[in-house]
Amino acid sequence: MVGEIKIEHARKTFVNPDGSSVTALEDVNLTVRPGSFVTFIGPSGCGKTTLLRAIAGLDPADSGAIFLDGEKITQPGVERGYAFQQANLFPWLNIRDNIAFGLKARKEYKEKKDDVAKFIEMTGLQGFENSYPHQVSGGMRQRAALARALVGHPKVLLLDEPLGALDAFTRMNMQDMILSLWKEYNMTMIMVTHDVDEAIYLSDEVVVMSARPAKVEQIIPIDLFRPRRRGQDTFLDYRRKILKILDFAGDIQDVDYYL
Amino acid sequence: MKQTLKKALPFLGLGFAAVTDRAIPNSTQQPEADGPYFFYFLLILAAAYLLAFLCSFFFQGLEEKLAHKAPFLAGAALLVAAINLAISKFALLPVLFFPCLDRVFGVFAADRALLLRCILASGKLLIIGFLIGGGLGFLTGVLIGFSKKASYWISPIMKFVGPIPPTSWSPLVLSLFTTAYAASVFMVALAVWFPVTLMTSSGIQNVGNSYFEVASTLGAGKFHKICHVAIPAAMPSIFLGIFYATCSAFVTLVTAELLGADAGLGWYLNWEKSMMMYANVYAGLILIAVICTLAITLVFKLKDHVLVWQRGVIKW
Ligand SMILES: Nc1ncnc2c1ncn2[C@@H]1O[C@H](COP(=O)(O)OP(=O)(O)O)[C@@H](O)[C@H]1O
Ligand SMILES: [Mg+2]
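Respectively, the protein sequence lines represent chains A and B. Everything in the first sequence is counted per my numbering, starting at 4 for the first residue and increasing by one. Everything in the second sequence is counted per my numbering, starting at 64 for the first residue and increasing by one.
Laid out in structure tokens, this is it:
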């Protein structure tokens, strides 16, 4: 099994044009086991996206290092797929060509053509292959973005709140779809979310991050069998625990179901 | 039924134009024409519209389009009738500068061989100039849009040289090029180059960084990013540049053909004007307007074809 991510003393400070600076990451240390499903959860603006982008190699950390299977990450690479917070589909390509983009860019399209059809099917986009992004729903756009990131068979898939903009039902369906993709392809999943239930439902480990600058506050392993049920007592225990770390515990008494 | 009546409106306009033209004799101040050419012109228009009218009963799309355009066409016919009355029939304007419409349309019959030669000559000049200027403009634009260095060195020069009207280069150009034709091509190419370069480079510079990031994570190299991200994303802007270029190419044409061409629509206009043959000048103007409109329509059709994806995303 491959796809181990090791983050050692990652630091990142942004300097704004006016000279002020924002420290987004301060000494982040974390190891993600190969093939596991890990979610990052933390207050908005704490630095989750920054960390994910550093893993992707889009915006390297200022100091410290991030390794994939022992190799230092310095730039974006196919073995680390990335699904952006906004689907960011290419508006000038139809759904099929969007999904095929990576294969064509790497000149693998001829041999791996069938992969495109397979991922279209797995993400339930049959019948929309020839539609342009603006013609399909937000959920479909996210699924297409997921398929696009997956056709290269990455070792690690990085997901930045991919379901954040979707309605509750679409979101729950897509959580199941993401789990089945994960099972099928055995990759390491690292997902940012702001939804505690989503984190518990999906992951092997929930990484709770502190407010800015982001540090790993606590790592909570979720020992629940899959498929998990969102209403079960142990599930709710985990939720209470995480909300407590995030300092929102007071709110949950009368909220019966947090989506 | 109501739709059909609406579609028939242009016949009313054309009928009015034809009846007034036939019923009232041309003013005696106007030099005599070789024949009732304005009337022939109306007949041709009526026949063409009749064809569209009949076809519209079989094609839903055409039906709507025609019904939408019908009031405008009827109004245009009335306007032409009014011009005919004012100029040909009552000679309200000096007859030297405003020849009767029979003579204007007569030119198309009398000069048809020459006019055809002029259209071909101008078409050739425009196409060669457009290909050279557009091709170079596209390349310069991509270069400026993509390379900071190229932008640093070329961009200021482009912005300094570009806004100079291409036609004002004529004294310099004539001494630089050995043939007048090369000089004309140069001026048209220059007129095309500037807007295409400007809109291509600014189009590429405005492509959201997120698209390039997506391409990076998918393993795209620099060349793939240029061809498959930057250029398609900049296409709407590039087409805007091509549209401006088409207009300025026609503007330049008339002057470019002053440089010693022996055929061409611009040459024809200048020649006939110097001969005080205003009927011929008007005929040439009408021809240029029609061809320019056709060229722009072609650009728009091409744009709709290439940019199907942006239907409902970007408007201009
Ligand atoms: N490119 C940038 N330039 C300046 N500041 C940035 C930049 N990207 C992120 N930041 C700042 O870093 C902090 C963390 O951002 P981010 O990682 O996007 O947070 P989130 O946890 O919500 O994903 C925020 O305060 C944000 O304003
Ligand atoms: Mg974020």
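Ideal Cβ placement from N, Cα and C applies to all residues, glycine included. A quick note: this is a predicted structure, and the numbers were derived from the prediction, not measured.
A:Asp163: beta carbon under 7 Å from a heavy atom of ligand 2? Yes, the beta carbon of A:Asp163 sits closer than 7 Å to at least one heavy atom of ligand 2.
What number of angstroms, rounded off, separates the C-alpha of A:Lys116 from the C-alpha of A:Arg144? Here the alpha carbon of A:Lys116 sits roughly 21 Å from the alpha carbon of A:Arg144.
Contact criterion: CB-CB distance below 8 Å. Does B:Thr280 meet it with respect to chain A? By the rule that beta-carbons nearer than 8 Å mark a contact, B:Thr280 touches chain A.
Pull up the distance between the alpha-carbon of A:Met212 and that of A:Leu54, whole angstroms please. Taking the straight line joining both Cα atoms gives about 11 Å.
If we ignore side chains and look at the alpha-carbon of each, how far apart do A:Val25 and A:Val210 end up? Distance from the CA of A:Val25 to the CA of A:Val210, rounded to the nearest whole angstrom, comes to 22 Å.
At 7 Å on the CB atoms, spell out the chain B contacts of A:Glu109, in chain order. Checking the sequence, you will find Arg at residue 109 of chain A rather than Glu. Under the 7 Å cutoff, chain B gives Gly282.
For B:Tyr274, would you say it is in contact with chain A, using Cβ-to-Cβ distances shorter than 8 Å as the test? At least one C-beta of chain A is nearer than 8 Å to the C-beta of B:Tyr274.
Here's the rule I'm using: 16 or more other beta-carbon atoms within 10 Å means buried, otherwise exposed. How should B:Cys290 be labelled? By the 10 Å Cβ count, B:Cys290 comes out exposed.
Using Cβ-Cβ distances below 8 Å, what residues of the segment 281 to 312 of chain B are close to chain A? Within the segment 281 to 312 of chain B, the residues whose Cβ lies closer than 8 Å to some Cβ of chain A are Leu281, Gly282, Ala283, Gly284, His287, His291, Val292, Pro295, Ala296 and Met298, listed in chain order.
For the structure I just gave you, are there three or more beta carbon pairs, one from the segment 83 to 98 of chain B and one from the segment 157 to 164 of chain B, closer than 8 Å? Because the criterion of three Cβ pairs below 8 Å is met, the segment 83 to 98 of chain B and the segment 157 to 164 of chain B touch.
Quick one: is A:Phe93 near chain B, going by C-beta distance under 8 Å? Cβ-Cβ to chain B under 8 Å: yes for A:Phe93.
At which residues does the alpha helix (DSSP H) containing A:Arg243 begin and terminate? Looking at the DSSP string, the run of the alpha helix (DSSP H) that includes A:Arg243 is Asp236 to Ile248.
From A:Thr34, A:Val119 and A:Ala59, residue whose alpha carbon lies closest to that of B:Glu276: Nearest of A:Thr34, A:Val119 and A:Ala59 to B:Glu276, Cα basis: A:Ala59.
Taking 8 Å as the cut-off, does the segment 95 to 115 of chain A touch the segment 34 to 53 of chain A (at least 3 CB pairs, one atom from each stretch)? Output reads no: the segment 95 to 115 of chain A does not touch the segment 34 to 53 of chain A.
Is B:Phe275 near ligand 1, going by C-beta to nearest heavy atom under 7 Å? No, Cβ of B:Phe275 sits at least 7 Å from all heavy atoms of ligand 1.
Flag A:Gly141 as yes if its beta-carbon sits less than 8 Å from any beta-carbon of chain B, otherwise no. Not a single C-beta of chain B is nearer than 8 Å to the C-beta of A:Gly141.
Could you please go through the chain and list the residues whose beta-carbon is closer than 5 Å to any non-hydrogen atom of ligand 1? Ordered along the chain, the selected set is A:Phe17, A:Val25, A:Ala27, A:Ser47, A:Gly48, A:Cys49, A:Gly50, A:Lys51, A:Thr52 and A:Thr53.
Under 8 Å between C-beta atoms, does B:Trp334 make it to chain A? No Cβ of chain A is located within less than 8 Å of the beta carbon of B:Trp334.
Chain-ordered chain B contacts of A:Ala59 [CB-CB under 7 Å]: In chain order: Thr280.
For B:Phe79, name the three-state secondary structure that DSSP assigns. In this structure, DSSP gives B:Phe79 a helical state, which the three-state scheme calls helix.
For B:Lys65, decide whether its Cβ has a neighbour in chain A, counting only Cβ atoms nearer than 8 Å. Chain A contact via Cβ: absent.
Using the C-alpha atoms, what's the distance from B:Asp174 back to B:Gly347? Distance between the alpha carbons of B:Gly347 and B:Asp174 is about 10 Å.
Does DSSP classify B:Phe363 as helix, strand or coil? Of the three classes helix, strand and coil, the one that applies to B:Phe363 here is helix, per DSSP.
Using only the alpha-carbon positions, how far apart do B:Leu142 and A:Leu92 sit? Answer to the nearest angstrom: the Cα atoms are 50 Å apart.
Starting from A:Tyr85, follow the beta strand (DSSP E) in both directions and report where the run begins and ends. From DSSP, the beta strand (DSSP E) with A:Tyr85 extends over Arg83 to Ala86.
With 16 other Cβ atoms within 10 Å as the buried cut-off, status of B:Lys211: Taking a 10 Å sphere around the C-beta of B:Lys211, we find fewer than 16 other C-beta atoms and assign the residue as exposed.
Tell me the DSSP secondary structure of A:Val159 in three-state form. Looking at A:Val159 - three-state DSSP - the assignment turns out to be strand.
Determine which residues share a DSSP beta bridge with A:Met212 and list them. DSSP links A:Met212 through a beta bridge to A:Val219.
Flag this pair as yes or no: are the beta carbons of B:Thr230 and B:Thr315 separated by less than 8 Å? It is a contact, given that the beta carbons lie within the stated cut-off.
Quick check: is any heavy atom of ligand 2 less than 7 Å from the C-beta of A:Gln138? No heavy atom of ligand 2 is found nearer than 7 Å to the CB of A:Gln138.
Using the three-state DSSP reduction, which class does A:Ile44 fall into: helix, strand or coil? In this structure, A:Ile44 counts as strand in the three-state DSSP scheme.
Tell me the DSSP bridge mates of B:Val251? Beta-bridge analysis with DSSP links B:Val251 to no other residue.
Compile a chain-ordered list of the residues in the segment 151 to 170 of chain A whose CB is closer than 8 Å to at least one CB of chain B. Within the segment 151 to 170 of chain A, the qualifying residues are Arg151, Ala152 and Gly155.
Establish whether the CB of A:Gly84 and some CB of chain B are separated by less than 8 Å. Yes, A:Gly84 counts as interfacial toward chain B.
Just checking: is the beta-carbon of B:Gln268 within a distance shorter than 8 Å of some beta-carbon in chain A? Taking Cβ atoms only, chain A never reaches closer than 8 Å to B:Gln268, which makes this a no.
Local Cβ density within 10 Å of A:Met192, reported as buried at 16 or more and exposed below that: It counts as buried.
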